[in-house]
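Numbering (our numbering), first residue to last: 0 to 437. We put the CB at the ideal spot given by N, CA and C, even for glycine. Source: prediction; values computed, not measured. First comes the structure, then the notes that go with it.
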Amino acid sequence: MSIRLSFLYFFLGTVVFAQKPMSQDKAYMGNDSIVILGDDYILKSSVETPNDFKAYYPQVPDSISIKSLSLLFKGKDYIFVNSRDNAVYGLKNDSLILLISPEATPSIGATYLVRNDTIFRYGGKRGLMNIDYWSFLNEAQKSWGPYPTFKSDYTPNGTFNNCYVSAGEQIIFVRGARVNRRNLSDEYLDDHIVRYDWNLKEWRELGHVRADYKNFSKSIAMGDELLFYNDKSMFHVNPFTNKNTLYYRNLTHQYLHKNDQLDALYSKGIFYVFIDNPDGIIIRKIPKNDFLKGLESVDAFYDPPANPYPYEYVLIIILFIAAVYRPIRSLLIKDKIQLDKRGFKYAGVLHPMASNEIEVIKLLLSRDFLTTQDLMLLLENPNISYSQNMKIKNQLIENLNVVLKTVLNISTPVIKEVKDKNDHRVTLYTIDPTFFKH
0 MSIRLSFLYF
10 FLGTVVFAQK
20 PMSQDKAYMG
30 NDSIVILGDD
40 YILKSSVETP
50 NDFKAYYPQV
60 PDSISIKSLS
70 LLFKGKDYIF
80 VNSRDNAVYG
90 LKNDSLILLI
100 SPEATPSIGA
110 TYLVRNDTIF
120 RYGGKRGLMN
130 IDYWSFLNEA
140 QKSWGPYPTF
150 KSDYTPNGTF
160 NNCYVSAGEQ
170 IIFVRGARVN
180 RRNLSDEYLD
190 DHIVRYDWNL
200 KEWRELGHVR
210 ADYKNFSKSI
220 AMGDELLFYN
230 DKSMFHVNPF
240 TNKNTLYYRN
250 LTHQYLHKND
260 QLDALYSKGI
270 FYVFIDNPDG
280 IIIRKIPKND
290 FLKGLESVDA
300 FYDPPANPYP
310 YEYVLIIILF
320 IAAVYRPIRS
330 LLIKDKIQLD
340 KRGFKYAGVL
350 HPMASNEIEV
360 IKLLLSRDFL
370 TTQDLMLLLE
380 NPNISYSQNM
390 KIKNQLIENL
400 NVVLKTVLNI
410 STPVIKEVKD
420 KNDHRVTLYT
430 IDPTFFKH
């Protein structure tokens, strides 16, 4: 199915003029338009006359607030993604309709973007596991599928709630969050700056951020730049030139609407700032040079990775060892997965896993087939219901397949479900042992 839903469908719905944004709405900019999402309405104006809003009231599925969705501009079409379950919606006639069903184990906190008429998703987390790969919306199959990128030597850490900048064939991710691997609960900022090249399908680590932006919860996208800000100061960063400029907020910003949703917008050298006045929230256009005043300091945004080979003779030794060791290692090990009490190792890299995930893999490798009962003897929690235990079992198998397919760079699942030859009502589980070192 091809997603081709024109914004002209808005005009088939109810239109109300002269409505203003509310404090908890969400603002977007695209196609020379400003779009505001409210609970049950959508406001739209042009960048030339940003305060001349038209309001549309499309019919929405039960219990869904329009502003809880993320808006993407796919050509002239407007696509809505639920970041909690990765369901995709579009506008048809005067209704918000479901295009892609929710995922059973969604990637929460993922970053969504559109490139070459395709919707991509990066990062996110499932339960306590970070996801560190691209996926794309396969419209023909009506599902999210992995995007093959694992040909580079470097793989980024799994993060969620990322910011990014884009220019040409490159995209850079900054300020993601990670799960604390020690207690598997606390979220903390990730200081890695990573770049992806669309042509080469290759990741590269640019370095570690210098700026302490943990207190800068708000940000404004500026194409190939980002602006982080709080009540006192602003970080204006350009990851492509490795430049970070610190500004103190001045009189220009004193009337900025203090709300997490209605951050200012930016396009073509103009900031579109939401200002709260007695008549309601309005938009004021402020040129970039007027908005960014009170220069305090200029610094590098990140420190490049340390050079691991500072001396020529060290490099020669390492190259010699690599020339001898890698063929021997490849001959002996053949890049198979080796289980470890902390997780599993593949190609010399340790991938941490939970203890129950390791035990499930060991159990699958010990037999040709496992029944659901075999797995439940290992995983069952007597304090919860049978259906909840089954859900946990299914999520664990799915997450294991995601990790194994990603690491091995394959498209077929390593853990498979088959039907019992003697009783087709019984589901059996089997694992491909050829990927594992015995």
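Looking only at Asp289, Arg174, Lys19 and Leu403, the smallest Cα-Cα distance to isoleucine 192 is reached by Arg174. Between arginine 283 and the set Thr110, Lys340 and Ile33, the nearest pair of CA atoms involves Ile33. Per DSSP, the beta bridge partners of asparagine 237 are Lys242.
The beta carbon of phenylalanine 72 is closer than 7 Å to those of Gly29, Asn30 and Val113 in its chain, skipping five residues each way along the sequence. The bridge partners DSSP lists for glutamine 169 are Ala166 and Asp196. Taking isoleucine 107 as reference, the option from Arg125, Phe119 and Tyr121 with the minimal CA-CA separation is Arg125. Looking at the backbone, the Cα of isoleucine 41 and that of serine 142 are separated by about 27 Å.
Bounds of any alpha helix (DSSP H) do not take in isoleucine 118; it lies within the beta strand (DSSP E) bounded by 117-121.
Assignment of valine 413 by DSSP, reduced to helix, strand and coil, places it in the coil class. DSSP places lysine 53 in the uninterrupted beta strand (DSSP E) bounded by 53-55. Proline 381 sits in coil when the DSSP states are folded into three classes, being neither helix nor strand. DSSP, read as helix, strand or coil, puts phenylalanine 135 in strand. DSSP, reduced to helix, strand and coil, places asparagine 276 within a strand of the structure shown. DSSP, read as helix, strand or coil, puts glutamate 397 in helix. With respect to the 8 Å criterion, valine 236 and glutamate 224 are classified as neighbours on the basis of their beta carbons.
Non-local C-beta neighbours of asparagine 400 in its own chain, meaning closer than 8 Å and more than five positions away in sequence, comprise Pro412, Val413 and Ile414, ordered along the chain. Within its own chain, the residues whose Cβ lies closer than 7 Å to the Cβ of aspartate 51, once the five positions on either side in sequence are excluded, are Ser44, listed in chain order.
About 7 Å separates the beta carbon of valine 359 from that of leucine 377, a gap short enough to meet the 8 Å contact definition. Collapsing the DSSP output to three states places lysine 19 in coil.
Counting along the chain, the unbroken beta strand (DSSP E) around glutamate 201 starts and ends at 201-208.
Taking C-beta atoms as the reference points, asparagine 243 and alanine 299 count as a pair closer than 8 Å.
Here leucine 291 is not near tyrosine 228, since their CB atoms are 8 Å or more apart. Exposed is the label assigned to tyrosine 153, since fewer than 16 other Cβ atoms lie within 10 Å of its Cβ. For threonine 104 and aspartate 84, the gap between their C-alpha atoms comes out near 8 Å.
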